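Numbering (my numbering), first residue to last: -14 to 115.
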């Protein structure tokens, strides 16, 4: 039961943070690509890999806290369904290239930042365990 409370709390915080970030006009951007969702998803990919790598390799991380942060917070913060919905809206509005670019950037940058999170976490672990 305790793990569900951690997931609930993490999810509430992640969802609210996502809504706040989506409401900000970052960089005064006015293009077709939903830049806020892109930033949310790629930063979430980085944070998830960094956190999970550290959490699984450094002793003392409670399983409930891991679930609260990974499944709860980051699961609610990042949003694959919104990425899909925004891509469909771009296509329906005739912005085919923007839709293609949005999908490409989302996956390529998401994978790149996830990998970077993993590498940086490994370096961090080496540093703190010396």
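The beta-carbon is built from N, C-alpha and C at its ideal position, and this holds for glycine as well. Nothing here was measured: the structure is a model prediction, and the numbers come from that model.
Inter-residue spacing [alpha-carbon to alpha-carbon] between residue i and residue j
i           : j           : result
residue 59  : residue -3  : 10 angstroms
residue 94  : residue 23  : 9 angstroms
residue 84  : residue 114 : 44 angstroms
residue 63  : residue 71  : 14 angstroms
residue 108 : residue 31  : 14 angstroms
residue 106 : residue 13  : 32 angstroms
residue 90  : residue 4   : 21 angstroms
residue 48  : residue 101 : 24 angstroms
residue 54  : residue 74  : 30 angstroms
residue 41  : residue 78  : 44 angstroms
residue 81  : residue 98  : 25 angstroms
residue 9   : residue 21  : 8 angstroms
residue 86  : residue 19  : 11 angstroms
residue 0   : residue 61  : 5 angstroms
residue 52  : residue -8  : 6 angstroms
residue 34  : residue 96  : 10 angstroms
residue 50  : residue -14 : 13 angstroms
Coarse secondary structure for residue i, derived from DSSP in three states
i           : result
residue 64  : coil
residue 109 : helix
residue 95  : helix
residue 46  : coil
residue 8   : coil
residue -11 : helix
residue 17  : coil
residue 70  : helix
residue 79  : coil
residue 114 : coil
For residue j and residue i, believed in contact at Cβ under 8 angstroms, the rounded distance
i           : j          : result
residue 6   : residue 57 : The pair is not a contact, with the Cβ atoms about 17 angstroms apart (cut-off 8 angstroms).
residue 104 : residue 43 : Actually they do not touch by this definition, with Cβ atoms about 16 angstroms apart.
residue 68  : residue 17 : About 14 angstroms; that fails the 8 angstroms criterion.
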